[in-house]
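A.B. asks: Chains as they are written, first to last, in the working numbering: chain A, 1 to 313; chain B, 314 to 564.
One structure is given below, represented as structure tokens, and several questions about it will come after.
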């Protein structure tokens, strides 16, 4: 394929702007691949927020006191708001929300695999706040510096709210571990046993198996690699988890004095790819729930459109 | 306030709080399942407001009785709840949820407008706080009723079906509670008939303008808030599941 000399010039200018730290805005020229990668990432991110409402949303009706119920409703409402922002950010790249939702429902678009695991106890709500939102914050703090203006600005706002989510999750775990009953402590440990490895997988495959990463880093979409972010998160959280008397379900976990890092045992990537390919414990249920909401809402959306048309007439 | 007045007031507060709590529960069931993402946000917001209203009212109740709001919600048996069947019914489809919300919002708005002048200061203050939020709820649910009533034949039919079920159920909201006459003569709460009339003046013309026909039969299923629909027990079993899993625990 011959490259268009005009595009080559534009590409050079585009890359120079990114190198200077400038933001790319919706009307600006951008390579098709940059647009494609951003649509993939932002829509996947939006879907993760929306599907991510389900595992925690299932506990709103069961929250154990009025304060926790209120906080959890506000939190899940935030996730819906994040989904809304992110769909709007993706729309600036020339795709509609309807197209994105269709891609989610037919399985072409992905969402974070973590939400294909079930929430079995109330403690899982707390772990999602601490570990899952914590891992998401690592990724999103990086994306707040990304080269695409609308995505970067959405991330700044979203990170501010996610920080509250992280704090409320951690506050629960700390409370249950420091002054909880034996049943509460057992529930918390059981949750950690189930969420630890899937949470580490949230950062994505090892750098050696992440084909998109070099280009995404060159174009300033990602500024850190999957393994770098994962290791930063492990180093931040492991000491806190151990200090609470929790057991991390990794017999090989050890502190390396020389590197100053906590080293983990091997991640089960077969499980990761199984879940990505749709064979996780909750993939079918999550998509079925989205499909059902979509189908049940069809007549409602039709009524909205019909009423709006009558008002125009 | 003498003892019989205090009992009448606590009975009334508990009933009002229970209605708010149960409706908040039903609305919260939509979070993650709404017809449009924006409505997941709206319903989450409304459910939080209603839960906040329930908490305010439980606190007023607790100030009279010495009870703890969390204990009242999470450890009370079905038989001693005082919610109406109107709020207990399952969320149904979007028409059922929005119509119930509209009828309830109108009732609450009208009531709060009267309660801001309550001679019981704590109640008047709580009402002033709640009324600001309630105006937004009414705006939201009335906008939906227009879309549903006047949208498509299907949306009108679904909303009419919901109205046929909900209209008699809604009448239970206005059944006077035991010993309420102590409260009305003292100007603590408005008489139920005044409340109901004000409500009908709002909802009747509005529903008519939404192309909805109000059923002629309008007897509530029961006048007694101790008699519940079959839907309350499973709702409470779910709501109280975690709290009762370890009653010694603080959460």
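We put the beta carbon where it would ideally sit given N, CA and C, even for glycine.
Here the structure is a predicted model, which is why all the values come from computation and not from measurement.
#1: Give me the chain B residues within the contact set of residue 60(A), using Cβ-Cβ distance strictly less than 7 Å, ordered along the chain.
#2: Which runs of the alpha helix (DSSP H) spanning at least 4 residues fall entirely within the segment 236-285 of chain A, listed in chain order?
#3: Between residue 307(A) and chain B, is there a C-beta pair that is closer than 8 Å?
#4: Looking only at its own chain, which residues have a Cβ that is under 8 Å from the Cβ of residue 531(B), when we skip the five neighbours before and after it?
#5: By the DSSP assignment, the alpha helix (DSSP H) with residue 340(B) in it spans what residues?
#6: Under three-state DSSP, which class holds residue 166(A)?
#7: For a contact defined as C-beta to C-beta under 9 Å, what are the partners of residue 467(B) on chain D?
#8: Compare the beta carbon distance of residue 408(B) and residue 472(B) with 8 Å and say whether it is the shorter of the two.
#9: Quick check on DSSP: helix, strand or coil for residue 42(A)?
#10: Closest by CA to residue 468(B), which one among 402(B), 411(B) and 447(B)?
#11: How about residue 76(A): is its C-beta nearer than 8 Å to some C-beta of chain B?
#12: Name the chain B residues whose beta carbon is nearer than 8 Å to that of residue 118(A)?
#13: Which one of 489(B), 378(B) and 449(B) has the shortest CA to CA distance from residue 358(B)?
#14: How many angstroms separate the CA atom of residue 383(B) from the CA atom of residue 101(A)?
#15: Going by DSSP, what residue range makes up the alpha helix (DSSP H) through residue 359(B)?
#16: Touch check for the segment 329-340 of chain B and the segment 359-371 of chain B: three-plus C-beta pairs under 8 Å?
#17: Go ahead and pull the three-state DSSP assignment for residue 114(A).
#18: Report yes or no: is there a C-beta of chain B within less than 8 Å of the C-beta of residue 80(A)?
#19: For residue 544(B), which three-state DSSP category applies?
#20: Starting from residue 53(A), find everything on chain B with Cβ-Cβ shorter than 8 Å and list it in chain order.
#21: May I have a chain-ordered list of the alpha helix (DSSP H) segments no shorter than 4 residues that lie completely inside the segment 476-505 of chain B?
#22: Note down, in chain order, all residues in the segment 314-336 of chain B with a beta-carbon under 7 Å from any beta-carbon belonging to chain A.
#23: For residue 358(B), return the contacting residues in chain A, with the cut-off set at a CB-CB distance below 8 Å.
#24: To the nearest angstrom, how far is it from the Cα of residue 42(A) to the Cα of residue 90(A)?
#25: So that I know if they touch, is there some Cβ in chain B lying closer than 8 Å to that of residue 293(A)?
#26: Of the residues 112(A), 143(A) and 142(A), which one's Cα is nearest the Cα of residue 128(A)?
#27: Contact check, residue 348(B) vs residue 301(A) under 8 Å by CB: the rounded distance?
#28: What does a CB cutoff of less than 8 Å around residue 140(A) pick up in its chain, not counting 5 residues either side in sequence?
#29: With C-beta atoms as the reference, is residue 253(A) less than 8 Å away from residue 173(A)?
#30: By DSSP's criteria, residue 148(A) is part of a beta bridge. Which residues make up the other side?
#31: Three or more C-beta pairs under 8 Å: does that hold for the segment 115-127 of chain A against the segment 190-204 of chain A?
#32: Run the CB neighbour count on residue 45(A), radius 10 Å, all protein chains shown included, and call it buried at 16 or more, exposed below.
#33: Please list the residues of the segment 368-381 of chain B that have a C-beta atom closer than 9 Å to any C-beta atom in chain A, keeping them in chain order.
#34: Give the residues of chain A in contact with residue 562(B), contact being defined as C-beta atoms less than 9 Å apart.
#35: What are the complete alpha helix (DSSP H) segments, minimum 4 residues, inside the segment 41-76 of chain A?
#36: The segment 448-461 of chain B: which residues have C-beta closer than 7 Å to a C-beta of chain A, in chain order?
C.D. replies: Quick look at the numbers:
#1: 341 and 344
#2: 269-274
#3: yes
#4: 480, 481 and 484
#5: 316-341
#6: helix
#7: The structure shown contains no chain D; its protein chains are A and B.
#8: yes
#9: Of the three classes helix, strand and coil, the one that applies to residue 42(A) here is helix, per DSSP.
#10: 411(B)
#11: yes
#12: Going along chain B, no residue has its Cβ under 8 Å from residue 118(A), so there is no contact; the nearest lies around 15 Å.
#13: 449(B)
#14: 40 Å
#15: 350-378
#16: Cβ pair count under 8 Å is three or more, so yes.
#17: helix
#18: Proximity of residue 80(A) to chain B, defined by a Cβ-Cβ separation below 8 Å, is satisfied.
#19: Residue state, collapsed to three classes: coil.
#20: Residue 53(A) reaches chain B at 344, 345 and 353, counting residues in chain order whose Cβ is nearer than 8 Å.
#21: The alpha helix (DSSP H) runs lying completely inside the segment 476-505 of chain B and spanning 4 residues or more are 493-498, given in chain order.
#22: none
#23: 77
#24: 6 Å
#25: yes
#26: Ranking the options by Cα distance to residue 128(A), first place goes to 112(A).
#27: 6 Å
#28: Once the five neighbours on either side are set aside, the close Cβ partners of residue 140(A) are 155, 158, 159 and 162.
#29: no
#30: 24(A)
#31: The segment 115-127 of chain A is in contact with the segment 190-204 of chain A.
#32: Residue 45(A) comes out buried.
#33: 368 and 371
#34: Correct list: 64, 176, 180, 181, 183 and 184.
#35: 53-57
#36: 459, 460 and 461
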